[in-house]
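Note that the working numbering has the sequence shown beginning at 226, numbered continuously upward.
Where is the CB? At the ideal position from N, CA and C, for every residue including glycine.
One structure below.
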Amino acid sequence: MYKPDVLQLNCRALSENKINYIMSEFVDNDQYCKTMNFICICETWFQQSCTDELPTYFNNFVLGTHFSRSSHKGGGVGIWHRAGLQVKPIDLSAFCLEKHIEICCLCWHPSPRDKVLLISLYRSPSPVGNFDTFLQNLNDVLNFLHKPGYKILLNGDFNVDPRRDVLEYTNLIHLLSTFNLRMIIKEATRLNNTLDHLYVNYENCGQHLILDNCISDHRSILFQSNISANLLPEEKHSKLMRKYYLENINNFKQAIGNINWRKLHQCADIDEAYQLFYNEFQYHFNIHFPLKKVRFTRLSHKWVSDEVRKSSHNLRDLFMLTKKYPELSEIYTAKKQKHFLLLKNSKRRYYQSQVANSSNVSKTVWSIVRNVSNANHGHQKLSLNINNKIVSNPNQLANNFNDYFCKIAQLLVQKSSHSHIANHSVKFRNNFTLALFPFSEEELCLLIGTKLKNKYSAGNDEIPPALIKKIASALGKPLAILVNLSFASGKFPSQLKTSNIIPIYKKGDPSDMENYRPISLSSVFSKIFEYCYLDRLQSFAARFNLISSNQFGFQPKKSTTGALHSFYNRLVSYIDKGQYPVGIFCDLTKAFDCVNVDKLMCKLDRCGVRGLAHKWLESFLKNRKQKVVIDYCNNGVRESYLSQEAVVDIGVPQGSVLGPVLFLFYMNDIHLHLDEEAHCILYADDTSLLISDEWDKSLENICNKNLSQLYDWFSSNSLTLSEKKSNFIRFRHLQSNVQNIALTFNQYKLQEATSTKFLGLHIDAHLNWQVHCTNIVNKLNRTNYLFRNLRTIFTLPQLIPIYHASVASIIRYGICLWGPSPYSRCVFLSQKRIIRTLANIRKFDSCRGFFKKHKILTLTGLYIFEICQYIYVNSNKMVKSKDIHQYNIRGNDNLRPHFTKTKIGINSPSNLGIKIYNHLPHIIRNCRQLSIFKEKLYLFLVDKCHYDISEYFTV
């Protein structure tokens, strides 16, 4: 049911008649009267000299705070609250400038856990109201008001329309996102413009309603804050868990090491041998790690010490005394300040002690970071809308999810497979055959130590990988026997074919099953068997170059960065030739789940996976089972509910070790069914084509021909293209005029886009990287808000690693391509803004000293660091000056940039990157090892601390 509690409107002079209208329409209206708590009005037109005559209430409402003009007519803003609410006005008059920014604020504590700041403002339209002044003062206001844990509702008449005032609105959004504030209103609020805005910094806010009224040309906004809905105490619950203490692990390791595994040698069947091993293992596992009930209480403030409680009690007593003895007010004020400082220090000491006493400092720090960043997120019970019925029973939910995950892939396969499409076969055949050489005990222990992750998430056997890593030496012998028996018999243990599926919510309606992603958890012992097979398969594939060079996914020494460089370098070469290439970006629907196992085995057979290797892999892929797991709190006890087992006949198991690599073999021949003009870039199932031609008409024909061939290949391999998510871009110069082309995929007209997300980068038609830089700025602004909260908890040395993980990593990705863009300047400004937040540096103080002292690279430094690495690694493919002439000149060892005629080519990695590399000191360029080169380059860039690429070339 819709329950609005905030009303916001611009009334252009709050006269008696308009007051009566508001009372009749909202305050005394039966639909809203029980829930309405606040009324925020812009353009009250009150004068500061007449404040005594202000109407202080609508019926049962009190004027809590306001700003009224003293030098000019009009304007003004006020907030009325329901009588009886415990609110406190915050004086913002120092930040108000008539016409430019008029703002007021109420602080409300609806419960001990919830603290709310309700801010209302008015700004005159440009050019009367200076936007830069408004933005600066708004930033100062939010910095002044910012306190961790406070919920903020910011509303008012901003006189900025997102569609009309694009630049002003973008700058406004960039500022507000640094305080985690996001826009709620998208509808027009005055004629066709959205001039009235509403921003919040918390999740799970309710609906809003835009209504016409008879007292203003601005529409009224009714908003449901949902703050009062969050007043219930957090749920206490318990859960059965296993505790992995060091002493228990050592005792368990000794017990496993004392077992005589001679019986395993006597087993001829792998299922029998594995069951014997598992029974012994599980017996000791349950003894040393029994299930125990662990109680959880969400958001318990453990940092509230006895000292804090005593101080709070004394402060309350002193407050009561000040009512009797006003002369104690100064003592009370001083005591209150000391108490607030004690709260801050107590909280910091608590988190610091957690870090100091932790055996895994990094894990503890990131656990605290997650808690701080998700402070407003609570656990919600899952419910689904199935056939217009709400289902919340955990057993039903688990079974419904399992049915959906199994059937969706089958429906997609039926939709994509067409009998009239010929099965695409390739004449290629590798005459060599994969041999599954046995594993030694030492080799298996090494594999476990290097491949398994330190995670405690487990499959249906409840055995975590982190435990197996710690006792690997005791398990080496029995596991080597099992793996070798499995390889020799060509059979995968049937007990390990069952996986647990966890539905993970993505986005959209949480009651719709389509908005959940299945995450598979298989047994850790299954992963060990898979890693052993993968070791042999990858060595075989590398020896005979079985994986296409166009494929960049799930392979050693290959990554998305390599795919991006391959795509971009070819794209630049086309543009340098005066052509306007087309990039086609394909999105496949649930590609891993739709793999036809029989076709995959045929492709692997042609690659050399035959005999026992073929038999073992077929045993691994067929007759697999899965169960969906739903965590549910029932009467205070959190339990896991399992669905019935379902047999899975298609697809490669997601969450498995072998699944991604097997998918590469499935996609391996796709490029062989396309024309030579189509340059295909693959990263697992991400398929992109780059096609170019001198003439628009022939380019359109070539594109459509290859799309037709692509459709045939997808159909014959049971894969489905998501037509709505796929698109194409016509790359061109900003001033170029190109004819429109129409591309179709199975009679569906592909959408032409001006930008698209390609392997994590937002690439645009003009290659100016504006969209991508804006996206990075938005991410960094949200991170800036996080650091505002973290700096009250962590010390600066603890914040630096968090910076590198959450800021530098975002900036670093793909910077070789977008780094030279003029729009990267806004990214650098966001980076400096975070540094100022991190170190509490004032606005006009330089950050350069902080960058140097803490060895942090600026955006320019990161660009030079990454581009020089790229050139260093690929320098053997490039031409030096001495290779094209015999003269003994100073620049003989310099690399030769590629000749280019366009600005895009000048800024490309193969051109600008070479110029930057040539400018490095010889002591760095002459390093023989990459690790030494990176170390010296990093220290050089930290010392220079370049703010711009021009600084680098002038040094």
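Identified DSSP bridge partners for residue i
i    : result
K313 : C332
V616 : L609
V873 : R849
V353 : V353 pairs with nothing; no bridge assigned.
W305 : I264 and L288
G808 : L915 and I954
H987 : K982
C858 : R863
S234 : In the sequence as presented, Ser is not what sits at residue 234; that position holds Leu. BP columns for L234 point to I266.
F448 : V231 and H433
Y973 : F970
Cutoff 8 Å: residue i Cβ touching any chain C Cβ
i    : result
P689 : Of the protein chains in the structure, only one exists, and it is not chain C.
Residue i CB to nearest heavy atom of the ligand ATP below 7 Å
i     : result
S1071 : Annotation note on the ligand ATP: not contained in the displayed structure, which lists no ligands.
Outcome for residue i when other beta-carbon atoms lying within 10 angstroms are tallied against a minimum of 16
i     : result
Y470  : exposed
C827  : exposed
V425  : buried
K588  : exposed
S351  : exposed
G303  : buried
R444  : buried
D823  : exposed
D818  : buried
I556  : exposed
P689  : buried
M545  : exposed
V231  : buried
I452  : buried
A838  : buried
E870  : exposed
I1148 : exposed
I1059 : buried
P515  : exposed
R768  : exposed
Nearest-angstrom Cα separation, counted from residue j out to residue i
i     : j     : result
I1044 : C1093 : Contrary to the premise, residue 1044 reads as Gly rather than Ile in this sequence. Approximately 13 Å between the Cα atoms of the pair.
G880  : S745  : 5 Å
I192  : W841  : Summary: the structure shown does not reach residue 192, with the chain confined to residues 226 through 1180, and so no result is reported for it.
R1013 : Q621  : 43 Å
K678  : I693  : 10 Å
N368  : Y730  : 34 Å
L789  : L489  : 50 Å
Y891  : S941  : 12 Å
N214  : F448  : Residue 214 lies beyond the range of the chain shown here (226 to 1180); nothing can be said about it.
Y629  : T723  : 17 Å
N610  : D734  : 10 Å
Q851  : D1173 : 55 Å
K685  : L867  : With the sequence shown as reference, residue 685 is identified as Asn, and Lys is not the correct amino acid for it. Those two C-alpha atoms are separated by around 10 Å.
Q635  : I706  : 38 Å
S296  : R237  : 18 Å
| message | Threshold first: 4 residues or longer. Then list the alpha helix (DSSP H) segments lying entirely within the segment 367-443, N to C. | response | Restricting attention to alpha helix (DSSP H) runs no shorter than 4 residues, the segment 367-443 encloses them at 391-402, ordered along the chain.
| query | Are the segment 830-837 and the segment 897-917 touching, with three or more C-beta to C-beta distances below 8 Å? | reply | No: fewer than three Cβ pairs fall under 8 Å.
| Are the segment 795-812 and the segment 916-931 in contact at 8 Å, needing three or more beta carbon pairs? | yes
| With contact counted as at least three CB pairs below 8 Å, one residue from each stretch, are the segment 919-932 and the segment 806-820 in contact? | yes
| Where are the alpha helix (DSSP H) runs, 4 residues long or more, that stay fully inside the segment 616-700, in chain order? | 619-641, 666-676 and 690-695
| query | Does the segment 881-892 come close enough to the segment 756-767 that 3 or more CB-CB pairs lie under 8 Å? | reply | yes
| request: Would you be able to state if there are at least three C-beta pairs under 8 Å between the segment 392-411 and the segment 998-1007? | output: yes
| For the segment 1021-1034 against the segment 975-989, are there 3 or more C-beta pairs whose distance is under 8 Å? | no
| message | With three or more beta-carbon pairs closer than 8 Å as the criterion, would you say the segment 1102-1117 touches the segment 1163-1176? | response | no
| Which runs of the alpha helix (DSSP H) spanning at least 4 residues fall entirely within the segment 1028-1069, listed in chain order? | 1034-1037, 1040-1043 and 1049-1064
| said: Quick test of the definition: if touching needs 3 or more C-beta pairs under 8 Å, does the segment 751-760 touch the segment 707-716? | reply: yes
| message | With three or more C-beta pairs closer than 8 Å as the rule, is the segment 354-362 touching the segment 321-336? | response | As far as the Cβ criterion goes, the segment 321-336 touches the segment 354-362, which means the pair count is three or higher.
| said: Using a Cβ distance threshold of 8 Å, determine whether the segment 1106-1121 contacts the segment 1142-1158, with at least three qualifying pairs required. | reply: yes
| task | Indicate whether the contact test is met: 3 or more Cβ pairs, each with one atom in the segment 1124-1137 and one in the segment 1073-1090, closer than 8 Å. | result | When C-beta atoms of the segment 1124-1137 are compared with those of the segment 1073-1090, fewer than three pairs fall below 8 Å, so the two segments do not count as touching.
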